[in-house]
Amino acid sequence: MKTSTVTCCLTVLLAVAQGRPDGAPSDACETMDPSHGGSPQTGPMPYTLQLDTLKVNSGGTVHFTIRAQPPNTFAGFMVQARNDRGRPVGVFTPCETVKPTECFGVAANTATHVNHQPKTEVTMRWTPDPSYGGNVIFHATVAKSMKEYWVRQRAKPLTVVKA
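The structure is reproduced here in structure tokens:
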């Protein structure tokens, strides 16, 4: 009995130490806090958030990049493009390093990581809703580790022109 209890505890500790291997939890949709334990960092983030354009037509595409400042890496992320009311809009396209996920009952309006391997850069593709026009701000939570993460960091505003 003692052996199985110790094995179970070690397995749980190993899972917690490695982080969330398959992306952010759905209960993080509103706050974007990964609930890893510890507190969000308040100092400068060692990552840059970059859009490939600051203006796009509805139905067009935008590339959003999270880039680590050397020698840093990051293990996970959660990204939303939020409208003026603070709600995620548009859709993210899946790729090798990005998994779109559902928040607030809307498919693919949030992007997260597919694994917790160290990353120096991730670029994702986002498409605004065809009927949307207005400003959007990309919000990103970036996790260096389970206990070191930055929540709801903002990129420059993006203007979506309704086509």
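Residues -19 to -1, 1 to 144 in mature numbering (1 follows the signal peptide of the UniProt record, and there is no 0) are what the sequence shown lists, from first letter to last.
All C-beta atoms, glycine included, are put in the ideal place defined by N, C-alpha and C.
Touch test, the stretch 96 to 104 against the stretch 47 to 57, Cβ-Cβ under 8 angstroms, three pairs minimum: yes
C-alpha distance - Cys84 paired with Asn90, whole-angstrom precision: One-based indexing of the sequence shown puts residue 84 at position 103. One-based indexing of the sequence shown puts residue 90 at position 109. When rounded, the distance between both Cα atoms is 7 angstroms.
Continuous beta strand (DSSP E) assignments of at least 3 residues falling wholly in the stretch 56 to 101: 57 to 63, 72 to 74, 79 to 84 and 87 to 94
Length of the line joining the Cα atoms of Gly115 and Asn64: Residue 115 sits at position 134 when you count from the first residue of the sequence shown. Residue 64 sits at position 83 when you count from the first residue of the sequence shown. Each residue's Cα considered, the two are about 7 angstroms apart.
Val142 and Pro21 closer than 8 angstroms at C-beta: The residue you call residue 142 lines up with position 161 of the sequence shown. The residue you call residue 21 lines up with position 40 of the sequence shown. No, Cβ-Cβ distance for Val142 and Pro21 is not below 8 angstroms.
Nearest-angstrom Cβ-Cβ length linking Ile118 and Arg106, presumed shorter than 8 angstroms: On the sequence shown, residue 118 is found 137 positions in, with the first residue counted as 1. On the sequence shown, residue 106 is found 125 positions in, with the first residue counted as 1. With a Cβ gap of about 17 angstroms, Ile118 and Arg106 do not count as contacting.
Inter-residue spacing [alpha-carbon to alpha-carbon] between Val43 and Thr108: Indexing the sequence shown from 1 puts residue 43 at position 62. Indexing the sequence shown from 1 puts residue 108 at position 127. Approximately 6 angstroms between the Cα atoms of the pair.
Met13 and Gln50 closer than 8 angstroms at C-beta: Translated into the one-based positions of the sequence shown, residue 13 becomes position 32. Translated into the one-based positions of the sequence shown, residue 50 becomes position 69. Contact: no.
Cβ separation of residue 147 and Val70, assumed to be a contact under 8 angstroms, to the nearest whole Å: This structure does not reach residue 147, given that the chain is present from -19 up to 144, and the question cannot be answered.
Cross-strand partners of Thr46 (DSSP beta bridge): Against the sequence shown, residue 46 aligns to sequence position 65. For Thr46, the pairing in a beta bridge is given by DSSP as Gln31 and Thr104.
Residue span of the beta strand (DSSP E) that contains Gly115, given as start and end: By one-based count along the sequence shown, residue 115 stands at place 134. Element bounds for Gly115: Gly115 to Ala124.
Lys128 versus Val72, Ala9 and Ser16, residue with shortest Cα-Cα distance: Within the sequence shown, the letter at position 147 stands for residue 128. Of Val72, Ala9 and Ser16, the residue nearest in Cα terms is Ser16.
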